[in-house]
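Below: the structure, in structure tokens.
Chains as they are written, first to last, in my numbering: chain A, 14 to 415; chain B, 14 to 415; chain C, 14 to 415.
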């Protein structure tokens, strides 16, 4: 990306209304206006362009980005660390194993104790239905109070790195990949994207990706086709969001219980395993009750239920149903990675090896947007005039590598 | 805090004699002169003021702050990380689990091996009586030798993040909170602070806080009333320090076995559980001998002993005994956190929920001083002219967030 | 080191041909030309000189240095962190326990997913014969592809922090220590260095140090005498390298099964335990097969075999065989640390306490070169004109501690 292109992106950015993002959290994409969503995409592209042009985007001389992962993670952890580094923040992990959180501290207290110099807090908490997003809001409320009470010098803003409801950094990265692949938002009108369940030999994968996808991708005038076997329903509230989005954007939101139907003529496919919402709710309760036997029984039941749907498989045959007239000769295949690849990472999985391989580089690019999306969310929350800051930096040209 | 106020603090600082702090450790408050203690408070307040004014206090372009925690910790770990970040140092954790220390390396060797680029080393080692502070001195001696022998380019200075004897970063933060709450050191003459034991259902809490408090708070002309049940004595050497301090500062140091007596008319109360010194010594020996059965038996014995003193409880009734004429209408309640709150974090604990809640924000502020205290200790150890450096930075106005 | 000396080193550096190091990995010393090896030494000395002179060598305003340790490590971990910090990179650990690597991800995918903002990747993987170096090459290939495919904005270069074949950061640090101790490369012609096995009560120590030493030290016209009990052979390919190096440099490479013979007249001795190559190969296969019983049996066998060679011990008597006319009055004793010191860290070990103590400070200095060697490798891989960069920085004099 040359500097002229970056400049024009900054100009576009400066025309958007995103002033409410300042000193605010990013928890669910559907809480943000279209302008705000567009601002994230613009800042992400600008930051990427500037890094490629060896222009430093270190805007913090010091400051901390707290990370709180309640589940193992390589990709999101590295994306968050990369985003913090890009802006000049130092990551400090709140590892619950090492901390006293386990000893019964309240969320309010811990949130304040770790935030004296925290500019940003990134949280991943996707394990339990009804808990993750609620926990983030509790943390947000706590640090806002701490800021108002004069305990904290700054208000740390939150970035949702995946919760039980949404996975905004993933789906925003996915969406920016789609936008850039198809050549702009204006090219997406009428395109069809299939967000479908796929078989996996593992159990209990979070619902945040399919929910996040239908909650976001319905905003761009596309047809979003959600498909899954019966019993694998996602949260009804999010389907409601998708419906309303589609209506507002002039797109469509359809549901079916057929992968083939969803793939039919699709320009983009996103086949991926997830656990039934109802089962995840049940599991959350069993964990709450400490019912180990119940959890094991549920696991067996779910694995058995999964195994009835091995035909939900992104095969070559299935890809043939998609639109063969795209520039790829078929639908753009997407995945949040890692995928369960048949014959590679498991015996029978979500996708055939040949399909996966053909789209591998594109998927890596898809993933490469995440650090920039996170950094953009941070930047829009921490600066009231990001367009000016970026323009200024582009002018003065301080190099990243000196 | 406006810039004029910061300037006046820098001026005050420049009049103090703290030259011996340069290239020196901070291990026990009573090893420091009154001017040195005052310098730490001044630098802490200045750094806080500058951060609030968005002036960068990054004085290191590169450099490491080693952290060595021999016990779990959230607060102190984050405070140390925040302090390092504030000055521009990168934290590198020496996690004994991950390292080869466990394999029988000598302290001298490890201390040098991790310090080639270490400007500061922060150590928390409070588990075993007679060991923690001694270990810090061994590390300090080792790196001093390494520096003199030309192995290390710089002398890493140590900050005691809690040992078996003192907890200087905690008590200095506590004290700065008191000073700023009461409006200055000159307002403390004759005030009464009750450092009392309180019941907790857990066992083996360190003595470093009560010891650190009586060793420090006796220097300001206050009456420091130490109270605990019989059998919960603290180190006699530290009581000696407290006695001498009180005599020198025109204050008082009293001891009793009654919480009510200590609370009577107090302006400040600090009720907190700790383990009997003698029992901790015994435990240290049992650990040394690897006597698991002995440790378990001791634990049971101590829990039973604790349970005899459930009336050591910071209740509303107890608070009524304190000075009702302060600006809070009662004593300032303090705690190093986390507290055992009756009916919240445990069935019966150190403090009633209502008392704790009423003082919550003040306690959070109390904790918020710690990162600045640590950074001040570092700065006074690493710069021979901190007042000039701070003044210069305040003038040139390099922003923290650009 | 004064600035004139640093300038003269930069001038020397600028005459060397090291252009192929740019955007390249450092995996084995014998893949590098003599000029390239000399460039690493020069940059390491320059960086050290600049740090001592309080000149900042932070060349990255942001950027990540990924670390991937597949074995516990204090020294190398801290050396890598120090090197990254010295240049301005932030370390991000890829802890396999915390990540999804364990869940069957491919190397290619993970390598790309963690590298979006990675300038450097440091890997330690020395456990399994035939695996460590191969793994590094797989990672290198993956990120090179990622870079070419436009997934990664920069090509992350690799530094081998120890593999099954070589330990270049260790042996380069060792060698720079030798060069600086003896007063320059030109003083080494005809000097004798004994790389010998020594008894240790532990088992399975890696071969990378003896292999790395004979693969590197044979390039400087020295006599390199490798000695070990029968059955403790190192990789034949590396012996081949050593032979060729010695021939090319006008030195000698000898082998024997006698410690005394190797020590005879030596100017430098490096006695150190290692496991037999063949046994390590066997162990690798047993691990591959998950044969726990086989592994235990092999361990017992190896410990028994070790115990037959307790006379391979760096005693005072053995040191008397070395050249008594050096400036130390005997050979320079070297070790990569930690050593098994008889009567200190074990009952019977590699070296007598008195011998170790006499050379302790020199060994600490030996170790102190490692962060600079690593930083030099990074710098030569990331800049196409490091001599200019260094000269420029020396001129402009931006301080490390402001």
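Each residue gets a CB set at the ideal place from its N, CA and C atoms; glycine is no exception.
### Message
Suppose only complete runs of 4+ residues qualify. What are the alpha helix (DSSP H) ranges in the region 312-344 of chain C, listed by chain order?
### Response
329-333
### Task
Compare the beta carbon distance of residue 325 (chain A) and residue 248 (chain A) with 8 Å and say whether it is the shorter of the two.
no
### Task
From the DSSP output, in three-state form, read off residue 56 (chain B) for me.
helix
### Contact list for residue 75 (chain B) against chain C, beta-carbon separation under 7 Å
69, 71, 98, 99, 101 and 413
### Query
Would residue 30 (chain A) be called buried (16 or more neighbouring beta carbons within 10 Å of its own) or exposed?
exposed
### Task
Note down, in chain order, each residue of its chain lying with its Cβ closer than 6 Å to the Cβ of residue 411 (chain C), except the 5 sequence neighbours on either side.
69
### Message
Closer than 8 Å is the cut-off here; do at least three beta carbon pairs connect the region 38-55 of chain B with the region 384-391 of chain A?
### Response
no
### Bridge partners - residue 78 (chain B), DSSP secondary structure assignment
B:104 and B:133
#### Entry: Where the alpha helix (DSSP H) through residue 170 (chain C) begins and ends
Taken as a continuous stretch (DSSP letters only), residue 170 (chain C) belongs to no alpha helix (DSSP H), being part of the beta strand (DSSP E) at 170-176.
### Query
What distance in whole Å lies between the Cβ atoms of residue 211 (chain B) and residue 284 (chain B), which are believed to be in contact at a cut-off of 8 Å?
4 Å
### Task
Could you name the residues of chain A that residue 127 (chain C) contacts, counting a contact when the two beta carbons are closer than 7 Å?
87 and 91
### Per-residue DSSP class, three states only, for residue 48 (chain A)
helix
### Task
Could you tell me which uninterrupted beta strand (DSSP E) segments, each at least 3 residues in length, are contained entirely in the region 258-316 of chain B, listed from first to last along the chain?
265-269 and 281-285
### Residues that residue 245 (chain C) contacts on chain B, provided the C-beta gap is smaller than 8 Å
Under the 8 Å cutoff, chain B gives no residues; its nearest Cβ is about 22 Å from residue 245 (chain C).
### Task
Look at the alpha carbon of residue 370 (chain C) and the alpha carbon of residue 264 (chain B), and state the distance between them as a whole number of angstroms.
51 Å
### Contact set between the region 262-291 of chain C and chain B, restricted to residues whose Cβ is under 9 Å from the partner
none
### Query
Nearest chain B C-beta to residue 114 (chain C) closer than 8 Å, yes or no?
Its pLDDT being 46, under 50, residue 114 (chain C) is placed unreliably by the model, and nothing is read from it.
### Task
List the whole-angstrom C-beta distance separating residue 155 (chain A) from residue 131 (chain A), where the pair is believed to meet the contact cut-off of C-beta under 8 Å.
With a Cβ gap of about 12 Å, residue 155 (chain A) and residue 131 (chain A) do not count as contacting.
### Message
Given a cut-off of 8 Å on the beta-carbon distance, is the pair residue 280 (chain A) and residue 344 (chain A) in contact?
### Response
yes
### Query
CA-CA distance, residue 224 (chain C) and residue 331 (chain C)?
23 Å
### Task
Check the Cβ-Cβ distances between residue 122 (chain C) and every residue of chain A, and say whether any is below 8 Å.
yes
### Task
Quick one: using the 10 Å Cβ neighbour count with 16 as the cut-off for buried, is residue 120 (chain B) buried or exposed?
exposed
### Message
My assumption, with CB atoms under 8 Å, is that residue 245 (chain C) sits in contact with residue 312 (chain C). Please give the rounded CB distance.
### Response
No, residue 245 (chain C) and residue 312 (chain C) are not in contact; Cβ-Cβ is about 16 Å, not under 8 Å.
### Message
I'd like the ranges of any beta strand (DSSP E) spanning at least 3 consecutive residues and lying wholly in the region 139-200 of chain C.
### Response
170-176
### Message
List, in chain order, every chain B residue whose beta-carbon is nearer than 9 Å to that of residue 323 (chain A).
### Response
Residues of chain B passing the Cβ test: none, with the nearest at roughly 42 Å.
### Query
Is the number of C-beta pairs between the region 83-91 of chain B and the region 50-66 of chain B that are closer than 8 Å three or more?
no
### Task
Just grab the DSSP bridge partners of residue 355 (chain B) for me.
B:359 and B:365
### Query
Straight-line CA distance for residue 114 (chain A) to residue 317 (chain A)?
Unreliable placement is indicated for residue 114 (chain A), whose pLDDT of 46 sits below 50; no coordinate value is reported for it.
### Message
Is residue 416 (chain A) close to chain C? Criterion is C-beta to C-beta, closer than 8 Å.
### Response
Any property of residue 416 (chain A) remains undetermined from this structure, which presents chain A solely from 14 to 415.
#### Entry: Delimiting residues of the beta strand (DSSP E) encompassing residue 120 (chain C)
Taken as a continuous stretch (DSSP letters only), residue 120 (chain C) belongs to no beta strand (DSSP E), being part of the alpha helix (DSSP H) at 120-126.
### Query
With 16 as the cutoff for other CB atoms within 10 Å, does residue 397 (chain B) come out buried or exposed?
exposed
### Query
Within 8 Å (strictly less), CB to CB, does residue 410 (chain B) reach chain C?
no
### Close-in-space but distant-in-sequence residues of the same chain around residue 134 (chain C) (CB under 6 Å, 5 per side omitted)
79, 169 and 171
#### Entry: Nearest-angstrom beta carbon gap, residue 185 (chain C) and residue 53 (chain C) [assumed within contact, 8 Å]
6 Å
### Query
Is DSSP giving residue 66 (chain A) helix, strand or coil here?
coil
### Task
Count the other C-beta atoms from every protein chain shown that fall within 10 angstroms of the C-beta of residue 320 (chain C), then say buried if there are 16 or more, exposed otherwise.
exposed
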